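So the protein sequences, as listed, match chains A and B.
For the first sequence, my numbering assigns the number 421 to the initial residue and increments by one for each residue that follows.
For the second sequence, my numbering assigns the number 1295 to the initial residue and increments by one for each residue that follows.
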Amino acid sequence: MTKHWLGIGGVAAGVAAVVIGVAVAVASCSQTPTNVPVRSLQQSQKSDVVCLGTLQEDGGALIVPQIPLAQEQCAPVPANVTGSTLPNHLYSVVTQTTRGEVAVIDLTAGQVIDEDKSTPGINFIPVGGSPTDVAVTPDGYMTFVATAEEDKPAIYAIPNSRLLGDYGGQPPLKLTDLQACLLAQVPQALAIATRPDGKTVLLVMVRGSDTLGTRAGIVAIDPAPLTQAWPDGGGPPPPDAAAAERAADAAPPLPPGTLTSCPVIGGVALSNTLPASWTPGPAWPDGVPYADAGAATEPTAATSCGVGAPADAGVADSGGAGDAGEGGLPLSFAQLGSPHPASMALRDDVHLLYVADEAIPVIHVIDVSDPTAPHEQAPLLATSVLNPARRVIVGPMALSPTTSDFKRYLYAVDTRDKSLMVFDVSDPAASPRVPLQRPHPELNPFAAPDRLGFSAPIASLAFVEHDWPLPSQSDAEAPNPIHQYSGLLCNPNPNVHPDAGAFLDLGAFYRVDQAALIQPSGARETFPNRLRGVFAFVTLSNGSVVVIDVDDWDAPCRRPDPMAAGDVKDLAGVTYTVDAGIGQTGLLAIPQPPPGATPDAGQFEPYHAPLTYNSNISESPAVTLEPFFPVSAPHRMRANTLLMNDPVSGEHIPYLSSAPALFDVNGAPQGTSAGMAATRPLMLPTLLPPGWIDYSYLQTPIEPNPAARTWVSPDMAFGSCAYPASLLPQTGTPSVRLSFDDPSAHIDQDWTVTYEGVLPTVSGVVGDMVLDDQDGQTMTMYATGARLCEAGVEDWQMGQARVAQLARNLPAVGLPVQPPDRAQWTADYIEITDDLLDPSDPYWSLPASDAGASEAGAGADAGNRLPVVNDCWEGDLANATADARYNFCLNTFGTAANADTYLSRDFPILEANDDYLRVGRFGWVDRDTMGNAVAEASTNRVVVAASDTNKTFLHEAQCCFHHQAGFKVRAGGEWLTVGSSVGMLNHEQSDPRPDGAFSRPTLGWRS
Amino acid sequence: MLLGALCATAVASAVPACYTAGGGTAPPTNAFYFPVGLAVSEGGRVLYAVNSDFDLQWSGGTLQSYDLQRIRADALALEAYSITGDDQGIALPACESADAGADSGQAGAGDGGVASVDRLHFSYGKPPPKCKQLAPPGNTALGQGCAAPPVDSTYYVEDSKTVGAFATDLQIRNDRLFFPVRGTATLTWADVGNDDGVSCGAPFSLKCRPDSTGRCTTQAGSDPNSQDNTRHVTMPGEPFGMALTQDGTAVAITHQTDTKTSLLTSGIETGMFQSPTMQFVLDGLPQGGNGIAYVPHDYDALRVPDPNDPTKLKPGACDDPLQVSRPNADCVRPAFLETSRNVAELDLLRYYSDDNSVLPNGAPGAGLGETLQRPFLQRERAYTLTANSLGTDQRGIAIDPTPRYACKARLGKNPSPADLKACGQIAARVFFASRSPPSLVVGEIGELATDGSYDSDALVVTGNVSVDAGPSRVYVAPIIDSEGKFELRVFVVCFDSGAVFIYDPDDLATEGSNAVPTKVIYTGNGTGPFAMAFDPMPLECAAIADPKSDAWSGSTSDYPWKMAQCPSPAMSPLQRYRFGYIANFTQSFVQMVDLDDSSPFAPYTFEQIVFTLGKPTLPKGQ
């Protein structure tokens, strides 16, 4: 056999395979060339790490065999250091699922290890087919691999002293070199637990099989028989007495290259029971700890001078913990099936193992305090507040490190929802057993109350604790890197840094003005990338990695300044008054309590800093000056830019690119000031409450001195109880008030505000046009399956309710209730978008009665089609020619190209349902007081509900559009706000009717 | 490089004149030539292939029928020879000898016999000695060495017809073959005889109306004035993907260089075959339509218990699942899912038969017909794809409803409407190929909405798995496991890398991006696999899995969700064989993959290429 190399295209360092063609020319079979691909990493999945002493300290000679070490002895490679020359190397062992191998990657040197340099390509350690997990023992001596090969599910043991193959100066491992044992069930995951006596146990998560009668569960396996064939393979003796003892009393070793049954020493089958009900969990911390501690008032919905908050802007209406927990929700699902474990996570602080389940909406909690006798505790419940009936399927999980407030969180993937659930598992006994909820969910209408949602499916997740440690500032210790400080909260309190040379709390070194000390090239703009604390890394299927703030130690320094409700003084005694621009920016940007006189009273507290600016060290900001607070909150996705209008990183807050303008249907701009204001609508910004401030109008966003800032329109930027003259119609500038409550509610997009705009969710729907039983007093457009309520259609009843609400609220802010007849025309309406049939179409000649249809044979063919009723042609049209009918319809309804301006194509919606819209007619007074003819216009018409006067028009519409037409829906009498990314917001609510036939008339509201 | 050149040629010549047959040499009738579509007859006795004449060497492509009985028999003989070294052949059951009757419906001489490797028409003589005696384990498996040498495919050809150049696909429904033809911008069809899978006759004859040169003229889309083409529309250029509705009454066709999708009626609705007819062209879709699949709505999911008797269904409520093109208001109208090569988006196209207007029971006008019974398509939903980093090049798509069937099978006899409804509301699994990056994207369609109602069109993409370069088509078909039960697999054909990835859909559904292929079949260097076909087995039966179970053999009255009886082992060879067929475009041959893990030879043959039909031939100039 001769192998001909055609070339190597490269070696992939990721999961993507690089397929290299190799022609294998078999002399006797040259007609059937077969492909022998040579690859590097391919279909990598699970991994673990091991630290090996690889090179001699002096001179860098290779150590043979390599020495397993504690992982801590493989420190990260410092910047500007060549990792390959370091003595200790950290290696990652990675399963290669397609080829049944384990790859070894030198993380310290940054290269993939070729186990067998004598064979072309990058070669790895063979194990059984379909490796599902890999785990390294705590002492670093062994690597265990679980494989799910059909008919041969097994555990393979690899001595880490042989991990590098001939790259490490030893013969490459063959499959027959490995000790292995056969499992009775297919393993999916592997973990290594420690017994009370110090011995280790392999915990294997195995699948069940209804066919074979096996149950899913956790199996405990004694690893000792798998580790006794060494060190005759070259490994050094066990490092300590305990290990030696383990080796001494272990069971006889399993011969390498054989597959005998694994020594099972315990196990537990997973339960498939569920509690009968559940109660939604509490909220996770909102990032305003000083409010939680009672030092300030908890945030509430903003009120505006007596005007009630919007119906769904309050906490109580949010579906949050406050109103979801009453009485409990049922937890029952049909066809639940047997447990099907998906992933598992072993805790390192208490003896618990979490097992996610794909078939039952739970995360099993297994007590492994004695891993040889695991037993199941009450599970965590994978529930959904938005849809309690949904059976949640749990995927990958990860456990957080302990946060600075001594919390541990379990993140679990909701695989069908592209989202994460957050469980608080700090106290295994007392912590809630359902997902935590988002605090103040009313501030972000895009997010589920108990989920972290993503744009793409989640492939994997992991937690990281990271810091930029503070070098010792003591002359005696500097520059010894051993003396570093970690885990410090950034402290912007001016009392801890009263002047340029004083740092009374080490947290002051993490202020914005000290960024360069902490991080090379550090600056205010690098704060988003300065990861200090606990973060979750979520890898999406599209290759994106999303960072989640869990416990950001820089959070106190990402804020506006001041955070006060009234006048404040700095350390130098300079007073900054409200008139200069002090106020609350958002609902959670609660004024911070002043620092006390003593440390116990909060003298140095990071969150007792209503003003961080200190004129003693002017132009030296302590905080980022971002207008939002909190910017960094627990379980919130982290932005990679500052959330502000920054001259370096750009504008990253919501803003108006230009003032709202009014255009007519032809796109011509319409004036709305002076005399025009009486007849043309003017978009007014929402009134800002007193004590609040809108940073949208700040001209100097990075000016640290509050007194030196300038505002483009102070009367619009500062809150007040009445509309200032500059905002009122005829004199004011149209504008929109933007929310600074929750940065995650904003999406980088453009908004379009259109009077009587088109609902983007309904455009193009086709409906069957059916006249009612009263000979056409109304007409119904049937569009079965169009889910019109979900699309946001609102009928006349809803429009009238809106007008009534407006009439109640406008006087409270000094605005007139105009026009008085608004309720008569505020209703969504359909606009028919179809063209008439072609004038040559045979439809126009169809007879107007059943009898005629039968005689003509049109509309009822010889097959099984039903007869056509086309009696909507009335009067002269009943017996008119095709041309006459067509021309009449063309004159009445025009063409599709002019649909927007042909008002006869509009039909007000009297009743909206998921599957149909019942419509009437628009009417208008066609004569003015002088008797002059008045044409129909969008500004002079009213809704005509069921009426004899509708019959003729609705008959004509039905016939002209051959009983069926495509249509779109416009928001009649209202402004419609549509985002370029999120589209239209619509809060739909269910209102099922007793018969269940046609449910859900709209009760929601729109933006 | 070859493909790029040919594609360039095709694009450059995308004018009708370049595609017309004109003169030229007639295509070879008994050889594969850039095969692009395979189909197996309903009874499993005939393999149909459509060849595209991609380099325009001939005056057209061909539609061919192959004797699949003999092919399988010879494949089994070769397996036995290769593994045991025994070239005396193996005993074959009735109807499977080389002389089995064709089209006659009579047993003829096909009453059993022996298939011997001696009679195989290898292109290069008998298999070499070293390919014998594959046992014991560790020796070269079939397909990976030299145990599946090319066999002269002309020996198995039964019929052939000349058709237009550049066909793109081939599907069979109700004894009618459908294939889009880019060269003529038509849906071309041919009728074949019935294959009941029981009698020995085989429908080899291809019935299409020939012109004076023998070329099939049975095509729809090119004549705007054809009968029943009430809109007088013609098919846009470059038709590519094709899907039929669940009842086979309508066909949707994508267009790979356009923003349009064509709709045709298939002509098989009434039982008296009529001609397929062009009906509608839907515009406004993403440029570059490619794959398309019918969305298998489950009407049990939509049924409503009778409020007067919960053990029964509400009268008239979605009560005739067979009439899927004419659902009433409580049902969901048929729909298609379409992929695009240029936009990261899937589109749901709703099919309106425009026949027997769908109005709610009791509504004014309910049951009355529309004034013009003209079917049309409507783009009702667009699902933006975010699962892949680029994601703008989606190809083949397949939808798997078997989780619903499997659930129903577990209910036993006479299930309650409520249980059937719960099973019917299980999501169908969606698989589609993406080339940016090379991956199989996994999702589900049909789920409970947030308010607890059932949304049959809700699409959720749950993840992806990487595959080798150039994934194009995706198929869902069963294999037989080592216990003789059926299991479903997803087959991803990777054209550029010459590979077929096989996944267990259960793994894809539950493990997402962590799923591992059960097998990767490499078809050979530069071979370019394109289309696949499989021995027939209704998906409902495959979902039941166990041929010995009551649900398999039970009547449709006891198991009302079964559309028909599952094939009986005693009566039908349907389940005896489980092969997959791979049409290799670039080198013009077909490979057989053994998908039976219960056979004695399975350790050497399962999911291996075991038979090669035709000599792999590089295109001219290569």
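A virtual CB, placed ideally from N, CA and C, is assigned to each residue, including glycine.
This one's a predicted model, so the numbers in the text were calculated from it and none came from an experiment.
- Non-local C-beta neighbours of A:THR995 in its own chain, meaning closer than 8 Å and more than five positions away in sequence, comprise ASP987, VAL988 and LYS989, ordered along the chain.
- One thing to note: B:VAL1457 has its Cβ within 8 Å of the Cβ of B:THR1356.
- Taking a beta-carbon distance threshold of 8 Å, A:VAL1186 counts as an interface residue toward chain B.
- In this structure, the alpha-carbon of B:ASN1519 lies about 6 Å from that of B:HIS1526.
- Residue contact check for B:TYR1871 against chain A: no CB pair falls below 8 Å.
- Chain-ordered, the chain B residues with CB closer than 7 Å to the CB of A:SER550 read VAL1810.
- Counting only Cβ-Cβ distances below 7 Å, B:ALA1681 has contacts in chain A at ALA876, PRO877, SER961 and ASN962, in chain order.
- DSSP lists A:THR1200 and A:GLU1331 as the beta-bridge partner residues of A:ARG1338.
- Counting only the Cα atoms, A:VAL1398 lies some 14 Å from A:PRO1080.
- Any Cβ of chain A closer than 8 Å to the Cβ of B:TYR1646 would place that residue at the interface, and such an atom is present.
- For the pair A:SER1155 and A:THR1106, the Cα-to-Cα distance works out to about 9 Å.
- Cβ neighbours of A:GLY1184 within its own chain (closer than 8 Å, five residues either side excluded): THR1253, GLY1386 and LYS1388.
- Among the residues of chain A, those whose CB is under 7 Å from the CB of B:SER1807 are ALA879 and SER961, following chain order.
- Rounded to whole angstroms, A:ASP1193 and A:ALA1366 show a C-alpha spacing of 11 Å.
- Buried is the label assigned to B:GLU1336, since at least 16 other Cβ atoms lie within 10 Å of its Cβ.
- At a beta-carbon threshold of 9 Å, the residues of chain A lying near B:ARG1627 are THR1204 and GLY1205, ordered along the chain.
- If you look at B:ASN1345, you'll find it in the beta strand (DSSP E) that goes 1340 to 1345.
- Shown here, B:ILE1720 sits in coil according to DSSP, grouped into three states, outside any helix or strand.
- The Cβ-Cβ distance between A:PRO1126 and A:THR1032 does not fall below 8 Å.
- The region 592 to 604 of chain A makes contact with the region 677 to 694 of chain A, as at least three CB pairs between them are under 8 Å.
- When DSSP states are grouped into helix, strand and coil, A:VAL854 belongs to the coil group.
- When A:ALA1377, A:PHE1138 and A:PHE1327 are compared, the shortest CA-CA separation from A:THR1005 is found for A:PHE1138.
- Under the three-pair Cβ rule at 8 Å, the region 1485 to 1499 of chain B counts as touching the region 1340 to 1357 of chain B.
- Taking the beta carbon of A:THR518 as reference, the chain B residues within 8 Å of it are VAL1810, PRO1811 and VAL1814, listed in sequence order.
- By DSSP's assignment, A:ASP834 forms a beta bridge with A:VAL814 and A:SER839.
- Against A:ALA762, the close residues of chain B are THR1804, in the order they occur along the chain (beta-carbon pairs closer than 7 Å).
- Put simply, the CB of A:GLY815 is near chain B, with a gap under 8 Å to one of its CB atoms.
- By the neighbour-count criterion, in which a residue is buried when 16 or more other Cβ atoms sit within 10 angstroms of its Cβ, A:SER1159 is buried.
- In chain order, SER1116, SER1155, VAL1156 and LEU1158 place their CB closer than 8 Å to the CB of A:LEU1076, counting only its own chain and leaving out the 5 sequence neighbours on each side.
- One finds ASN1808 and VAL1810 in chain B with Cβ atoms closer than 8 Å to the Cβ of A:GLN465, taken in chain order.
- Straight through space, the alpha carbons of A:PRO488 and B:THR1756 are spaced by roughly 40 Å.
- Contact check between the region 911 to 928 of chain A and the region 1052 to 1062 of chain A: fewer than three CB pairs, one atom from each, fall below 8 Å, which does not count as touching.
- Comparing alpha carbon positions, the residue from B:LEU1481, B:VAL1761 and B:SER1556 closest to A:GLN463 is B:VAL1761.
- The continuous alpha helix (DSSP H) containing A:ARG1228 extends over residues 1216 to 1229.
- Annotation: the continuous beta strand (DSSP E) that includes B:ASN1878 extends over 1873 to 1878.
- B:GLY1685 reaches chain A at ASN962, counting residues in chain order whose Cβ is nearer than 8 Å.
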